[in-house]
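J.: Counting in full-length UniProt numbering, the sequence shown runs from 1 upward without gaps.
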Amino acid sequence: MSPPATSSRDDVLEHPAEAFEAYRRDGLERVICEEKHMGSRAVVLLTRDPARFGAPGGWRGVVHTRTGRPFFDAADTDALLARLDAAVERAGLWEELDTSWLLLDAELLPWSVKAGPLIRDQYASVGAAATAALPAAVRTLEQAAASGIDVADLLDRTRARAADAEAYVAAYRRHAAPSAGLDDVRLAPFQLLATEGATHLAREHSWHLALAGRLADADPGLVIPTRSVEVDLASPESEEAATRWWQELTDAGGEGMVVKPVAGLVRRRKALAQPGIKVRGREYLRIVYGPDYTEPANLRRLRDRDVGHKRSMALREYALGVEAVERIVAGEPTWRVHQAVFGVLAMESEPVDPRL
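This is the structure we're talking about:
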């Protein structure tokens with residue numbers, strides 16, 4: 001998923017205004033802003049008819065990463081899917097959707113379920129080193145200043161770096177809740193991709209979020225609802241309200257939001273509209289760009305980031321994903337589905353700035 005064009009505002013790289021403007025240029029009148037959960041992207045296939053997928057009896061489905069790897073071993077996968085099956089039953093969705101299987105796009109939380117080694121090796125180590133070294137450097141410089149040595153500029157810079165390091169540690173810790181086991185896992189579905197005989201990609205996102213809300217009501221210990229707000233792109237007041245909502249989310253420690261067309265799958269004259277544009281918060285981006293990315297000189301350098309290639313890749317991957325889902329629903333052979341899937345996997349290996 002692509003971020004918006006870089007913001008021209010002094011103290012942020014990403015802001016909702018650029019996402020709104022991108023969709024306005026595409027001719028859209030309304031968008032929906034969805035809370036962005038800080039977890040790992042998951043695709044969940046839940047089935048009561050394993051033969052439909054050539055699987056043995058008792059097989060419930062899969063919980064895969066976006067590159068097709070299982071999140072859990074077979075026993076934990078089965079336990080998670082059994083619980084989700086029960087939630088779908090209590091919500092009345094099996095009968096309402098007239099299906100024996102469903103395919104969900106979701107976020108799996110907490111982030112540490114999959115990113116534990118990354119948190120320890122990349123984020124915690126940097127935070128520990130910075131918060132140990134920089135306060136000591138500040139104290140030494142304060143002693144030097146007290147003895148009459150002119151270190152005022154260096155002291156100011158070091159104090160700022162120490163504050164940035166503390167903010168960095170706070171940012172990653174918000175999303176690094178320890179996971180003791182399967183009981184700590186939460187699922188935040190945001191789109192029902194398909195059921196038997198139907199894709200649901202063109203449905204309004206409010207429909208998908210309402211279904212997710214019903215699943216959360218059925219099992220609040222497993223399923224997390226996704227908050228959202230709709231925006232009228234012809235109304236500055238509507239945009240301002242959504243921007244305030246985003247600011248409140250990020251001020252509370254959230255990652256940010258995803259702006260999407262209300263209508264889901266939107267076809268323009270020459271291509272699909274972007275399925276979503278992520279707008280991440282100022283503090284969250286410390287995890288991405290480093291503790292002191294908010295320093296003016298660093299922000300000026302980062303404003304040159306090029307999101308064009310990322311945007312193009314996101315759109316092509318989305319188109320291939322849509323094709324794969326449509327082939328699954330149509331009952332086409334697995335090799336035909338894999339044609340589109342392997343195209344997505346090939347593009348995942350394309351060189352692109354991973355921070356975008």
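Don't be surprised by glycine CBs; every beta carbon is placed ideally from N, CA and C.
(1) Alpha carbon to alpha carbon, how far is Val169 from Asp304?
(2) Which whole runs of the beta strand (DSSP E) in the region 161-202 are 3 residues long or more, in chain order?
(3) On the DSSP bridge assignment, give the partners of Val43 in chain order.
(4) In whole angstroms, what separates the C-alpha of Leu97 from that of Leu211?
(5) Would you call the region 71-84 and the region 42-56 touching, i.e. three or more CB-CB distances under 8 Å?
(6) Helix, strand or coil: which one does DSSP assign to Val329?
(7) Taking the alpha carbon of Glu248 as the reference point, which residue from Ala273, Ala234, Arg282, Leu215 has its own alpha carbon closest?
(8) Tell me whether Pro275 is buried or exposed, calling it buried when 16 or more other Cβ atoms sit within 10 Å of its Cβ.
(9) Could you spell out where the beta strand (DSSP E) holding Arg30 opens and where it closes?
(10) Lys278 lies in the beta strand (DSSP E); which residues open and close that run?
(11) Considering only the alpha carbon of each residue, which of Ser2, Gly68, Arg60, Arg268 lies closest to Asp76?
(12) Quick check on DSSP: helix, strand or coil for Val12?
(13) How is the beta strand (DSSP E) around Met257 delimited, first residue to last?
(14) So what's Pro236 in DSSP terms, helix, strand or just coil?
(15) Glu230 bridges to which residues according to DSSP?
(16) Do the region 250-261 and the region 24-42 make contact, defined as three or more Cβ pairs closer than 8 Å?
(17) Which same chain residues end up closer than 6 Å to Tyr172 when comparing Cβ atoms and leaving out the 5 residues on each side of it in sequence?
(18) So, is Pro333 buried or exposed, given that buried needs 16 or more other C-beta atoms within 10 angstroms?
(19) Of the residues Tyr23, Leu13, Leu80, Ser206, which one's Cα is nearest the Cα of Asp184?
(20) Using a Cβ-Cβ cut-off of 8 Å (strictly less than) and excluding sequence neighbours within five positions of Arg268, which residues of its own chain qualify?
(21) Kindly list the residues whose CB is nearer than 6 Å to the CB of His208, restricted to its own chain and excluding five residues on each side of it in sequence; keep chain order.
(22) Compute the beta-carbon to beta-carbon distance between Phe20 and Leu233, rounded to the nearest angstrom, for a pair I have assumed lies under 8 Å.
(23) Out of Lys270, Val223, Gly290, state which residue places its alpha-carbon closest to the alpha-carbon of Leu108.
(24) Rounded C-beta distance between Val279 and Glu14? I'm assuming under 8 Å.
(25) Return the CA-CA distance between Leu265 and Asp73, expressed in angstroms with no decimal places.
(26) Taking DSSP as the reference, what is the three-state secondary structure of Arg267?
(27) For Asp292, which residues from the same chain have a beta carbon less than 7 Å from its beta carbon, with the 5 sequence-adjacent residues on both sides left out?
(28) Tell me whether Leu272 sits in a helix, a strand or coil according to DSSP, three-state version.
(29) Which value, in whole angstroms, describes the spacing of the CA atoms of Tyr284 and Thr243?
(30) For Val88 versus Leu215, is the C-beta distance shorter than 8 Å?
(31) Run through DSSP, which three-state label would Val223 get?
(32) Since Val352 and Met313 are thought to touch, with beta carbons under 8 Å apart, how far apart are those beta carbons, to the nearest angstrom?
(33) Taking the runs of the alpha helix (DSSP H) that are 4 residues or longer, which of them lie wholly in the region 115-157?
(34) Which of the three DSSP states is assigned to Pro110 in this structure?
(35) Can you check which of these residues, Thr65, Glu196, Ile149, Glu29, is closest to Ser235 by C-alpha distance?
(36) Do you know how far the Cα of Arg139 is from the Cα of Glu323?
T.: In short, the structure shows the following:
(1) 26 Å
(2) If we require 3 residues or more, the beta strand (DSSP E) runs fully inside the region 161-202 come out as 186-195.
(3) His64, Asp105
(4) 11 Å
(5) yes
(6) helix
(7) Arg282
(8) buried
(9) 30-36
(10) 277-280
(11) Nearest of Ser2, Gly68, Arg60, Arg268 to Asp76, Cα basis: Arg60.
(12) coil
(13) 256-261
(14) helix
(15) Ile32
(16) Yes: at least three Cβ pairs fall under 8 Å.
(17) Within the same chain, Tyr172 has close Cβ partners Tyr123, Ile287.
(18) exposed
(19) Leu80
(20) By the criterion of a C-beta distance shorter than 8 Å, Arg268 is surrounded in its chain by Asp26, Gly27, once the five residues flanking it on both sides are discounted.
(21) These residues qualify, in order along the chain: Gln191, Leu192.
(22) 6 Å
(23) Val223
(24) In this structure Val279 touches Glu14 by the C-beta definition: roughly 5 Å separates them, less than 8 Å.
(25) 34 Å
(26) strand
(27) Arg161, Asp164, Asn298
(28) strand
(29) 16 Å
(30) yes
(31) strand
(32) 6 Å
(33) 125-146
(34) coil
(35) Glu29
(36) 60 Å
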